[in-house]
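Protein sequences appear in the order of chains A and B. The first sequence stops at residue 354 when you use this note's numbering, and every number in between is there. The second sequence stops at residue 549 when you use this note's numbering, and every number in between is there. Yeah, the Cβ is synthetic: ideal placement off N, Cα and C, and Gly gets one too.
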Amino acid sequence: MQQNPFLAILTRLLTFVLVMVVLSIMIFVLARVVPGDPARMALGPTATPEQVSALRTEMGLDDSLPVQYASYMARALQGDLGMSLLSQRPVTMDLGQTVPATVELVLVAVIIMFAVAIPLGVMTSHFRDRWVDHVGRLFSLVGVTIPSFLFAISLQLVAARYFGDWPIIGRMDHGLGFTGGPTGLMLVDSLLAGRMDVFASALQHLALPAVALSMAGIGQITRITRSAMLENRRKDHVLTLQSFGVPERVIIFRYLLKLSSIAPLTIMGLEFASLIGNAFVIEMVFSWGGFASYGLNAILQKDLNAVTAVVLVSGLFFIVANLIVDVLIAIIDPRMRRKEAR
Amino acid sequence: MSDALLKVEGLDVLFTSYGQTRQVLRDISFTVGAGERVALIGETGSGKSVTAKAILGTLPRNATVSAGRIEVEGRNVLELRRGERDALKGSAFSLIMQDPLSSFNPVFKIGTHLDDVLRFADSREGVKSSRADRRARIAAVLRRVQLADPDRVMNAYPSELSGGMRQRVLIGLALLHQPKLLIADEPGTALDVTTQDEILNLINTLVAEEGMALLMITHNLGVVRKVADRVVVMRHGDIVEAGPCEKILASPEHDYTIGLLDAVPPLYGPRVQTQQISAQAPIVSATGLGKEFGRHGKRFTAVKDVSITLREGEIFGLAGESGSGKTTVARMMMGLSRPTFGSVSVDGTPNPGRPLAQIVYQNPGTSLNPKRTVKQSLGLPLKYAGLTGAARDARMAELMELVRLPVSYLAKYPHELSGGQKQRVAIARALAADPKVLILDEPTAALDVSVQKTVIELLLQLREELGLTYFMISHDLSLMRNFCSRLAIMLRGEIVEEGATPEIFADPKHPYTRALIAAIPVVTDDEERHKPAVSPEERAAFLVKTTD
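Written out as structure tokens, the structure reads:
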């Protein structure tokens, strides 16, 4: 069968667009059918009915839903997501400030997740039913079952009580006088500017929220890695290598680990949704100022344009994350590559 | 024999699971001399594979060697430290694995497996080797196992090679370090009979050329005759008989060996049974049947212009190797799948309100739901046949009696039954709705030969009692010789030969039929002489390429 990676990618991108369109319709309708008048909320209780109805007309809320959607999408495709009622600025500008903060938090959380969970999964599977395994499994169970805000608050308490200087809110120390850079990611921008002091401060600020956010994923991925390792260990190809005297460490860290990383990667793609959901909570606890806390305020204030944009960006995150997962799996597994191309 | 290469003496092995200890090997003793070919033969649970694992040191964690010695070149390997024991692997003895697909890690290239094996074998011997040097040596070995394009093989992932090619690579793997003893665990069993034949020939050639000793583990007596000088017969962890190959096969002494040989369906000779041809009316007939899979542009023709007439009361056999389309034909005949071309006409009248045909699948271990008791498995078809309460229970008891199982077995789960008993339940389930035709999809392929014999006898008796018609799909021509009244041979979706079974075997017309019959491992020299001749050109034209 002839391989055609180009066609496979094209199909992927088409589904990608389709998902975004459906998502945008759903959130657009949803945001407008829930009770509460956005114009009234924007103007406050003292505004006259005439003022409110004037604003409604200005916002286009008197038109039918399809007309509203069409004009919204027409503007959105040109990069205009409308004005935020809350901040009185273009939504795109708000997103530009808040999205990098969330991206940085989520990325670091994912790195922590894999850095902890994969070795832990390998270890627990290797020492199956021994104390290492029991401790590891208890740890992952705790990670999965305890809600992330509880981790967040506990970490804050511990840091404040025992490490008095450790920052527990915000993204960085404002006394350093660093205003940010081109990427919006503090870790990257500080390195670009050559400011190691800023980098250290940003890393310090990131540590607690990123750990709190990664806990649920660590639990999940540890368990998946452990069971994948145990399952693959029983396979004949392990026996083949053993019978020819290939050392145990090579079998585990080279042959089994690669094969057993497919399952946790797949789970990671799915876990991404709950990761973003948890980010909403974590950002509130740590006053992170990311797009999740921006979105939360927008929902509470019925800031229509902001809500729609936040949901679309969340969807985009999820789709891109899964696209990356699919590419990674295709790199690992040759059978998947051929299936994709078919 | 003091110069024995491998000497196993008084070996006892215990398995412990869920707190219970079971002895799986009892006082096993045998030797393999330099250059000698020895076969360990036995059915499921005989302990032949455990013996091999004990020699290799790959027993599972819950197994313990409680007594005995295993000497390789005079050294007791059971007393060696792990490192020393690993050092023997690949150089003193090597293993040829059974299943060529699952023996490779699917996400690594074939070459990576070979290179790692060679690299660590080298470093154990204190040899420093470069990657290029190893690659050259691997290529040389792959050429030895008749893989002409080693570079392509090394760069391929396991799923990109055919079964026969993978089996050749596995043999190559075992040859990398010129071992003195080759241990082969059912090589080629998972492959087609013609491919298996080539693999056995290859092993024989290599053993002879390199002067290696061979320990062959198998359940197939025909394979034994082909590749062994001496035979050790095992049963339930004991050695029941051992001796020279010709003697064991020609005049066995132990009852078990006699029974085992008797259960092997003969290909030629006086023991062959011939089933009567039916002269009754057709019950199902197919004309110009064709099936294509896939969507436009990438269509694949699985079946092409097949016409079959199934007569009432006959046993029709459709023979072919994997991928020949025989199962697709059976599914279309049953109405489970729609033919792309042609039509199936049902000429017989089914019992009122009941389907005409039912199917018995190949592996009863997977075709029975493990979470349902026999009663529940039988209950479902009976429910759709409209039976409830006492009538249903009576019918169940009747079905159990038909397949010669005690009624008390209704309460059992599949895992409590043996393979043969499971297949009996599967037959009872197929009979539940009074079909007139039974489709038998390799009904005994997953069973031991002695169990196969009893299941086949049961099927023949049931046909007498119930007046059934059988449509059997199989690749096992020696079984079909004795069980089927008429035979059709399929090759790449087409029927290449059809006729009464005795005539096809007496005078096979198509070269593929001849190649197929010639490849069957047989037990006696007499049968071997009766086999048709096949020229190399004919083999090349009709057999699957396994050499690259």
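Q: Look up Pro253 of chain B in the DSSP assignment and give the residues it is bridged to.
A: Numbered from its first residue, the second sequence carries residue 253 of chain B at position 252. Paired residues: none, contrary to the question.
Q.
Give me, in chain order, the residues of the same chain whose beta-carbon lies closer than 8 Å to that of Arg86 of chain B; leave out the 5 immediate sequence neighbours on both sides.
A. What you label residue 86 of chain B is simply residue 85 of the second sequence in a count that begins at 1. Gly58, Val78.
Q.
I'd like to know whether the C-beta of Met98 of chain B is nearer than 8 Å to at least one C-beta of chain A.
A. Within the second sequence, numbered from 1, the residue matching residue 98 of chain B stands at position 97. For Met98 of chain B, the answer is yes, since a Cβ of chain A falls inside 8 Å of its Cβ.
Q. Just the Cα atoms here: how many angstroms apart are Glu243 of chain A and Val108 of chain B?
A. As a position in the first sequence, residue 243 of chain A is number 231, starting the count at 1. As a position in the second sequence, residue 108 of chain B is number 107, starting the count at 1. If I take the Cα positions, the gap works out to 15 Å.
(Q) Going by the DSSP bridge assignment, what does Ile42 of chain B pair with across the sheet? (A) Numbered from 1 along the second sequence, position 41 holds the residue referred to as residue 42 of chain B. In DSSP, Ile42 of chain B forms a bridge with B:Thr219, B:Val234.
Q | Proximity test, Cβ basis, 8 Å: Ile264 of chain A and chain B | A | Mapped onto the first sequence, residue 264 of chain A falls at position 252. Not one chain B Cβ lies under 8 Å of Ile264 of chain A.
Q) How big is the Cα-Cα spacing for Arg300 of chain B and Ser308 of chain B? A) Counted from its first residue, the second sequence places residue 300 of chain B at position 299. Counted from its first residue, the second sequence places residue 308 of chain B at position 307. Between Arg300 of chain B and Ser308 of chain B, the C-alpha separation is close to 22 Å.
Q | Continuous alpha helix (DSSP H) stretch holding Glu529 of chain B: start and end | A | On the second sequence, residue 529 of chain B is found 528 positions in, with the first residue counted as 1. Counting along the chain, the alpha helix (DSSP H) containing Glu529 of chain B begins and ends at 526-531.
Q. Is the Cβ of Tyr267 of chain A closer than 8 Å to any Cβ of chain B?
A. Start at 1 with the first residue of the first sequence, and residue 267 of chain A comes out as number 255. Yes, contact with chain B.
Q: Label Arg62 of chain B either buried or exposed according to how many other C-beta atoms from any shown protein chain fall within 10 Å of its C-beta, with 16 as the threshold for buried.
A: To locate residue 62 of chain B, count along the second sequence from 1; it is residue 61. It is exposed - the Cβ of Arg62 of chain B has fewer than 16 other Cβ atoms within 10 Å.
Q. Under a three-way DSSP split, which group does Pro537 of chain B fall into?
A. Position 536 of the second sequence holds residue 537 of chain B. Here Pro537 of chain B sits in helix by DSSP.
Q) Can you tell which of B:Arg236, B:Val265, B:Ile240 has its C-alpha closest to the C-alpha of Pro250 of chain B? A) Taking the second sequence and counting its residues from 1, the one referred to as residue 250 of chain B is at position 249. Before going further, note that residue 250 of chain B is Leu rather than Pro in the sequence given. Cα-wise, what sits closest to Leu250 of chain B is B:Val265.
Q. Looking at chain B, which residues of the stretch 334-348 of chain A have a Cβ within less than 8 Å of any of its Cβ atoms?
A. Ile344, Asp345, Pro346, Arg347
Q) Excluding five sequence neighbours on each side, which residues of the same chain lie with their C-beta closer than 6 Å to the C-beta of Gly318 of chain B? A) Start at 1 with the first residue of the second sequence, and residue 318 of chain B comes out as number 317. The residues are Met473, Met481, Cys485, Leu488.
Q.
Please give me, in chain order, every unbroken run of the alpha helix (DSSP H) with length at least 4 that falls completely inside the stretch 53-97 of chain A.
A. 61-71, 77-89
Q) When the distance is taken between beta carbons, is Val233 of chain B closer than 8 Å to Phe31 of chain B? A) Residue mapping note: residue 31 of chain B aligns to position 30 of the second sequence, counting from 1. Residue mapping note: residue 233 of chain B aligns to position 232 of the second sequence, counting from 1. Taking a C-beta distance under 8 Å as the contact criterion, Phe31 of chain B and Val233 of chain B qualify as a contact pair.
Q.
By the three-class DSSP mapping on this structure, what secondary structure does Val66 of chain B have?
A. Indexing the second sequence from 1 puts residue 66 of chain B at position 65. Val66 of chain B falls in the strand class under three-state DSSP.
Q: Within 10 angstroms of the Cβ of Met13 of chain A, are there 16 or more other Cβ atoms? Answer buried if so, exposed if not.
A: Position 1 of the first sequence, counting from 1, holds the residue named residue 13 of chain A. Low confidence applies here, because Met13 of chain A scores a pLDDT of 37, under 50, leaving its location unreliable and the question unanswered by this model.
Q) Hey, how far is the Cα of Gly366 of chain B from the Cα of Gly291 of chain B? A) Taking the second sequence and counting its residues from 1, the one referred to as residue 366 of chain B is at position 365. Taking the second sequence and counting its residues from 1, the one referred to as residue 291 of chain B is at position 290. Cα-Cα distance, rounded: 31 Å.
Q: Would you kindly check if the distance between the Cβ of Asp201 of chain A and the Cβ of Gly189 of chain A is under 8 Å?
A: The residue you call residue 189 of chain A lines up with position 177 of the first sequence. The residue you call residue 201 of chain A lines up with position 189 of the first sequence. Their beta carbons are not under 8 Å apart, which means Gly189 of chain A does not touch Asp201 of chain A by this criterion.
Q) Quick one: what does DSSP say Pro503 of chain B is sitting in, helix, strand or coil? A) As a position in the second sequence, residue 503 of chain B is number 502, starting the count at 1. Here Pro503 of chain B sits in helix by DSSP.
Q | Beta-carbon spacing of His476 of chain B, Gly321 of chain B below 8 Å | A | Position 475 of the second sequence holds residue 476 of chain B. Position 320 of the second sequence holds residue 321 of chain B. Gly321 of chain B is positioned such that its CB atom lies closer than 8 Å to that of His476 of chain B.
Q. Rounded to whole angstroms, how far is the Cβ of Leu6 of chain B from the Cβ of Val33 of chain B, which I believe are closer than 8 Å?
A. For the purposes of this step, residue 6 of chain B is taken as residue 5 along the second sequence, with counting starting at 1. For the purposes of this step, residue 33 of chain B is taken as residue 32 along the second sequence, with counting starting at 1. Rounded, the Cβ-Cβ distance is 6 Å, consistent with contact.
Q: Mind reading off the beta-carbon distance from Arg120 of chain B to Arg136 of chain B? Whole number of angstroms is fine, and I expect it under 8 Å.
A: Taking the first residue of the second sequence as 1, we reach residue 120 of chain B at position 119. Taking the first residue of the second sequence as 1, we reach residue 136 of chain B at position 135. Not a contact, Cβ separation roughly 11 Å.
(Q) Could you check whether the Cβ of Pro259 of chain A sits closer than 8 Å to any Cβ belonging to chain B? (A) Position 247 of the first sequence, counted from the start, is the residue given in the question as residue 259 of chain A. Taking Cβ atoms only, chain B reaches closer than 8 Å to Pro259 of chain A, which makes this a yes.
**Q.** Identity of the residue in A:Ala214, A:Ala66, A:Pro57, A:Gln254 nearest Leu89 of chain B by Cα
**A.** In the second sequence, the residue the question calls residue 89 of chain B occupies position 88. Considering only alpha carbons, the answer is A:Gln254.
Q | Cβ neighbour criterion (16 or more within 10 Å) applied to Gln277 of chain B | A | Walking along the second sequence from the start, residue 277 of chain B turns up at place 276. Exposed, by the Cβ-count rule.
Q: Can you give me the start and stop residues for the beta strand (DSSP E) that Lys305 of chain B sits inside?
A: For the purposes of this step, residue 305 of chain B is identified with residue 304 of the second sequence, where counting begins at 1. That run of the beta strand (DSSP E) goes 301-312.
Q.
With a threshold of 8 Å on Cβ separation, who are the neighbours of Ser3 of chain B within its own chain once the five nearest residues in sequence on each side are excluded?
A. Translated into positions along the second sequence, residue 3 of chain B becomes position 2. Below a pLDDT of 50, predicted positions are generally treated as unreliable, and Ser3 of chain B, at 48, falls in that range; the measurement from the model is reported next regardless. Nothing meets the Cβ criterion.
(Q) Rounding to the nearest angstrom, what Cα-Cα distance links Leu335 of chain A and Tyr306 of chain A in this structure? (A) Position 323 of the first sequence holds residue 335 of chain A. Position 294 of the first sequence holds residue 306 of chain A. Between Leu335 of chain A and Tyr306 of chain A, the C-alpha separation is close to 26 Å.
Q.
Please tell me whether Tyr158 of chain B has its Cβ less than 8 Å away from any Cβ of chain A.
A. For this step, residue 158 of chain B is matched to residue 157 along the second sequence. Using a Cβ-Cβ cut-off of 8 Å, Tyr158 of chain B counts as an interface residue toward chain A, since at least one Cβ of chain A sits closer than that to its own.
Q: Just confirm the distance between the C-beta atoms of Val25 of chain B and Gly238 of chain B, as a whole number of angstroms; I'd bet it's less than 8 Å.
A: Mapped onto the second sequence, residue 25 of chain B falls at position 24. Mapped onto the second sequence, residue 238 of chain B falls at position 237. Yes, they are in contact, since the Cβ atoms of Val25 of chain B and Gly238 of chain B sit about 5 Å apart, within 8 Å.
Q. Once you ignore the five residues that flank Leu379 of chain B on each side, which residues in its own chain have a CB closer than 7 Å to its CB?
A. Position 378 of the second sequence holds residue 379 of chain B. Excluding sequence positions up to five before and after Leu379 of chain B, its CB lies within less than 7 Å of the CB of Met397, Leu400, Ala429, Arg430, Ala433, all in the same chain and listed in chain order.
Q | Three-state secondary structure (DSSP) of Phe342 of chain B | A | Residue mapping note: residue 342 of chain B aligns to position 341 of the second sequence, counting from 1. Here Phe342 of chain B sits in strand by DSSP.
**Q.** Bridge-paired residues (DSSP) for Arg76 of chain B
**A.** Sequence index remark: in the second sequence, residue 76 of chain B carries index 75 (1-based). In DSSP, Arg76 of chain B forms a bridge with B:Val73.
Q. Does the stretch 403-416 of chain B touch the stretch 329-347 of chain B, meaning 3 or more C-beta pairs lie closer than 8 Å?
A. no
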